[in-house]
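Undergrad: I am attaching a structure below and will ask some questions about it afterwards.
Numbering (this note's numbering), first residue to last: 34 to 613.
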C-alpha cells in the first residue's frame with residue numbers, strides 16, 4: 034500500500050487554499066490543546082467548516098475517492114475482517130474484499146500510525162483507501178457489528194456446559210459455575226445488541242424446537258432464532274433472580290424490574306413473565322435512564338401546538354389528558370410536561386403503575402394491587418397531601434376518573450392518560466366510564482391524542498407511484514392527483530428496512546364553551562361536529578398525511594395510523610356542510 038501523505042500540515046493546507054483563515058486556525062489550535070482532539074474534529078466543532086467540506090478537501094489532496102457508505106450494501110463478513118474494537122479504534126471499515134485486496138474506508142486516512150497498524154492486521158491483502166464520513170462509520174459499526182454471533186456462540190457454549198443438569202441446581206450457582214459465567218455473558222450480549230439497534234423491548238420466547246429472541250426496533254419486531262431451546266429455562270431463571278421474582282413459580286405471570294449498565298448507559302428494565310406452551314415467555318421494556326430529562330421538545334410536536342400546550346399546563350387547575358394506544362409515546366409527553374412544571378414552588382405527586390422514570394423533587398407513588406394500593410386509594414390520599422399538580426398514570430375506572438375530575442375542580446392541575454383512539458372520543462369514553470357529563474365539561478381543559486410513525490431513511494428514500502389500493506385511499510380523502518409520495522427501498526444505514534427512527538403525530542383538542550355545553554347536554558353528535566371544526570384542530574391522520582407529502586414518512590405509515598379516518602373525515606365534512 035502506498036501511504037497517502039499531505040504535502041504540508043492540514044491546518045496550513047486549509048489556510049493556503051483559503052478554506053479557513055489564519056485567525057480561525059489559531060483559535061482551533063488553542064482549542065485542540067485544551068481538548069486533545071484532532072484538528073479536523075476541532076475545526077468542525079467550531080463550525081469553521083463542515084465535515085463534508087473537510088473530507089472532500091482531504092480526498093482531493095490525498096487523491097482518494099470520497100464515498101457515501103450509507104447507501105452501500107456492506108457484507109457483515111467483509112466488515113468483520115477487522116474486529117469491532119479495531120474498527121472503532123482506528124475509525125476504519127472494510128467495504129469490499131477479495132483474495133488479494135480490500136477497500137478500506139477511513140474518516141482520517143492521513144493518520145499514518147493507524148495505517149501502519151491496519152496494514153499489519155489486514156496483511157497480506159493490499160489495501161485501497163477511501164475517505165468516508167465519521168458519522169456514517171459509527172452508524173455502520175452499530176449495524177454490522179451486531180452481537181448475533183456472540184449470542185449464538187454463548188448459547189451453544191451454555192448448552193454444552195449446562196447439559197442435562199436439573200434447573201434448580203443450575204440456578205443456585207449464582208455466578209460461581211462456568212455455566213453461570215456463560216449465561217451472564219449471553220445476557221450481556223443480548224442487552225448490548227438491543228442497545229446498538231435502539232430496541233425498546235426484548236422478547237424471549239421458547240418454542241418447540243427453537244428459542245426466539247426478538248427486539249422491537251422502531252415499533253417492529255426483529256427476530257433472532259437460536260437452536261438451543263434447552264437453555265430457555267436457565268435464561269429465564271437468571272432474569273428472575275435479577276428482577277427478584279419467585280424462581281419456583283412457573284405457573285403464574287410475574288412482573289419485576291432491575292437496572293443494569295451497558296456501555297456506560299444506565300438501563301432500567303421492566304420485566305414481565307408469562308407461562309406459555311413450551312416454558313415461560315419474557316418481555317423486557319428498556320428505559321435508558323442516562324438519556325437525560327425528558328422535555329416537551331423531545332416529543333416532536335409542531336411549534337404552534339407546543340405553545341398552546343405550554344399555556345394550558347401553566348393553568349393552576351383543570352385536567353389535561355394524553356391519549357393513545359400502548360407504545361404511542363404517552364409517557365414521553367407526560368414526563369415532558371412534568372419536567373417543565375417541576376419547580377421548587379410546586380408540589381407534584383404522581384400515581385403510576387409502574388414508575389418509569391425517576392424524577393427529582395417529585396413524589397412518585399408505585400401502585401401495588403397485591404396490598405390493595407390502587408389508583409383510587411392513592412389518589413384519595415394524594416388530595417390530602419397539599420399538591421399543586423397531580424399526575425395519574427391512567428384513568429382505569431369510574432372512581433379514579435371521578436376523583437381526578439373533582440381534584441381538577443378543587444384547585445389542582447391533573448395530568449393523566451386514557452386508552453382511546455383520538456381526542457374527540459376521549460371525552461365520550463369518560464362519560465361511558467360513569468363520570469357525570471357536567472363534571473367532565475367543567476374539569477377538562479384539553480386532550481392530546483398521539484401516535485408514533487416511522488420516519489423514512491434519509492439516505493435511501495425515493496419518490497414512488499402509489500399502488501391501486503393507495504390511489505383509491507387518496508381519492509377517498511380528496512388528495513389531488515400528482516401528489517408526490519416517497520418510500521424507502523432499504524440501505525446500509527437503515528438495516529435495509531427503509532425506515533430509521535420514529536416521530537409523533539398529534540391532535541390537540543382544547544375545550545371551549547360550545548364544546549362544554551354540548552358535553553353537558555350529553556349530545557355526542559353535536560360535540561363531535563363542534564370538535565372537528567374547533568380552532569387549530571388537525572386530526573392525527575391529516576398530520577401524518579402532511580408528513581408523507583413532505584417526504585418524512587411513507588403513505589403506508591399514514592394508512593396504518595389513519596384507519597379510523599374512513600369514518601372520521603367524511604363525517605366531519607358532512608357535518609360542516611350541514612351547519613353551513
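Positions of the beta carbon are idealized from the N, C-alpha and C atoms, including for glycine.
If you're wondering where the values come from, they're calculated on a predicted model, not measured in any experiment.
Spatial neighbours of residue 130 within its chain, please: C-beta separation below 8 Å, excluding the five flanking residues on both sides.
TA: Same-chain partners within the cutoff: 111, 114, 136, 158.
Undergrad: Apart from the five residues just before and just after residue 74, which ones in its own chain have a Cβ nearer than 7 Å to its Cβ?
TA: none
Undergrad: Decide if residue 471 is buried, meaning its Cβ has at least 16 other Cβ atoms within 10 Å, or exposed.
TA: Classification of residue 471: exposed, given that the 10 Å Cβ count is below 16.
Undergrad: For residue 481 and residue 169, I'd like the C-alpha separation in whole angstroms.
TA: 36 Å
Undergrad: If we ignore side chains and look at the alpha-carbon of each, how far apart do residue 585 and residue 233 end up?
TA: So the two alpha carbons sit approximately 22 Å from each other.
Undergrad: Around the C-beta of residue 42, are 16 or more other C-beta atoms found within 10 angstroms, so that it is buried, or is it exposed?
TA: exposed
Undergrad: Starting from residue 477, trace the beta strand (DSSP E) both ways and give me its first and last residue.
TA: 477 to 489
Undergrad: Who are the Cβ neighbours of residue 535 in its own chain at under 7 Å, not counting the five residues just before and after it?
TA: 251, 252, 485, 486, 487, 488
Undergrad: At what residue ranges does the region 58 to 125 contain a whole run of the beta strand (DSSP E), taking only runs of 3 or more?
TA: none
Undergrad: For residue 132, count the other beta carbons within 10 Å of its own beta carbon; 16 or more makes it buried, fewer makes it exposed. Which is it?
TA: exposed
Undergrad: Are the beta-carbon atoms of residue 317 and residue 367 separated by less than 8 Å?
TA: no
Undergrad: Suppose only complete runs of 3+ residues qualify. What are the beta strand (DSSP E) ranges in the region 341 to 390, listed by chain order?
TA: Correct list: 351 to 356, 381 to 385.
Undergrad: Alpha carbon to alpha carbon, how far is residue 498 from residue 415? Give it in angstroms, no decimals.
TA: 56 Å
Undergrad: Who are residue 321's beta bridge partners in DSSP?
TA: Looking at the DSSP assignment, residue 321 forms a beta bridge with 300.
Undergrad: Rounded to a whole number of angstroms, what is the C-alpha to C-alpha distance between residue 143 and residue 46?
TA: Approximately 13 Å, taken between the alpha carbons.
Undergrad: Using the C-alpha atoms, what's the distance from residue 530 back to residue 407?
TA: 42 Å
Undergrad: From the DSSP output, in three-state form, read off residue 294 for me.
TA: Residue 294: strand per DSSP, three-state reduction.
Undergrad: Across the region 256 to 276 and the region 234 to 248, are there enough close Cβ pairs to call them in contact, namely three or more that are closer than 8 Å?
TA: yes
Undergrad: Whose C-beta lies closer than 7 Å to the C-beta of residue 26 among residues of the same chain, with five residues either side of it excluded?
TA: In this structure the chain extends from 34 to 613, so residue 26 is not present and cannot be described.
Undergrad: Would you list the residues sitting across from residue 579 in a DSSP beta bridge?
TA: Answer by DSSP bridge pairing: none, since residue 579 is not bridged.
Undergrad: Pairing CB atoms from the region 553 to 566 with CB atoms from the region 497 to 511, are three or more of them under 8 Å?
TA: In this structure the region 553 to 566 does not lie against the region 497 to 511, because fewer than three pairs of beta carbons, one per stretch, are closer than 8 Å.
Undergrad: Measuring straight from C-alpha to C-alpha, what distance separates residue 274 and residue 280?
TA: 7 Å
Undergrad: Check whether the region 302 to 312 and the region 286 to 294 touch, using three or more Cβ-Cβ pairs below 8 Å as the test.
TA: By the C-beta criterion, the region 302 to 312 is judged to be in contact with the region 286 to 294, since at least 3 inter-stretch pairs fall below 8 Å.
Undergrad: Select from 449, 167, 559 the residue whose C-alpha is nearest the C-alpha of residue 355.
TA: The shortest CA-to-CA distance from residue 355 to any of 449, 167, 559 is the one to 449.
Undergrad: Let's see if you can read the secondary structure: which residues bound the alpha helix (DSSP H) around residue 149?
TA: Where residue 149 is concerned, the enclosing alpha helix (DSSP H) stretches over 145 to 155.
Undergrad: Would you report the Cα separation of residue 444 and residue 523, rounded to the nearest angstrom?
TA: Taken atom to atom, the span from the alpha-carbon of residue 444 to that of residue 523 is near 53 Å.
Undergrad: Report the three-state DSSP secondary structure of residue 49 (helix, strand or coil).
TA: helix
Undergrad: When the Cα atoms are used, what is the spatial distance from residue 29 to residue 300?
TA: In the structure displayed, the chain extends from 34 to 613; residue 29 sits before or after that span and is not available.
Undergrad: Measure the alpha-carbon distance for residue 208 versus residue 429 and round it to whole angstroms.
TA: Confidence at residue 208 is low in this model, with a pLDDT of 44, below 50, so the placement of that residue should be treated as unreliable; the coordinate-derived value is given next. Distance between the alpha carbons of residue 208 and residue 429: 42 Å.
Undergrad: Does DSSP put residue 338 in a helix, a strand or coil?
TA: helix
Undergrad: Does the beta-carbon distance from residue 53 to residue 81 come in below 8 Å?
TA: yes
Undergrad: Mapping the DSSP letters down to three states, classify residue 233 as helix, strand or coil.
TA: strand
Undergrad: Does DSSP put residue 533 in a helix, a strand or coil?
TA: strand
Undergrad: Taking a contact to mean a Cβ-Cβ separation below 8 Å, would you say residue 245 touches residue 258 in this structure?
TA: yes
Undergrad: On a CA-only basis, which of 128, 95, 105 is nearest residue 145? Give me that one, please.
TA: Nearest in C-alpha terms to residue 145, of all of 128, 95, 105, is 95.
Undergrad: Starting from the C-beta of residue 351, find all residues in its chain whose C-beta is less than 6 Å away, skip the five residues before and the five after it, and write them out in chain order.
TA: Same-chain partners within the cutoff: 441, 478.
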